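The sequence shown begins at 1 in full-length UniProt numbering and counts up one residue at a time. C-beta atoms are modelled at their ideal positions from N, C-alpha and C, and glycine is treated no differently. Small disclaimer: the values here were computed from a predicted structure and weren't measured. These notes are about the structure you will find just below.
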Amino acid sequence: MSGGSGRKTYEGRSIAVTFEAGRCRHAAECVRGLPEVFDIERRPWIQPDNASADRTAEVVRRCPSGALEYRRVG
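Put into structure tokens, the structure is as follows:
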């Protein structure tokens, strides 16, 4: 699902990750921190099921701009 502000949510089985493109400052904390989930060469570029929900949440919390958010599913 996506909103009008450049926000898109990527749903996994146990975690959903929302990305707001307009807030991203390209610090690459996500890509470096968990490349199996965050891979700009792949579509969709965020694949929450490729790592545990705990690891994904930990990397999302490191986002310095706040462009990434998460919520637990289930």
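Within its chain, find whatever has a CB closer than 6 Å to the CB of residue i; leave out the 5 residues flanking it on each side and keep chain order.
i	result
Y70	I15, V17, A57 and V60
A27	P64
In angstroms, rounded to a whole number, what distance separates the CA positions of residue i and residue j?
i	j	result
R55	P48	10 Å
C63	V31	10 Å
What do you reckon, are the CB atoms on residue i and residue j nearer than 9 Å?
i	j	result
G65	R25	Here the sequence assigns Ser to residue 65, which means Gly is not the residue at that position. Taking 9 Å as the Cβ cut-off, S65 and R25 qualify as a contacting pair.
G12	V73	yes
A51	E36	yes
Buried or exposed for residue i, going by 16 or more other Cβ atoms inside 10 Å?
i	result
A53	buried
I46	buried
Given residue i, which residues of its chain have a CB within under 8 Å of its CB, disregarding the five upstream and five downstream residues?
i	result
Y10	A16, V17, T18, F19, P44, I46, Q47 and P48
F38	C30, V31, W45, I46 and V59
Return the chain-ordered list of same chain residues with a C-beta closer than 7 Å to the C-beta of residue i, the five sequence neighbours on each side being excluded.
i	result
L34	A51, R55, T56 and V59
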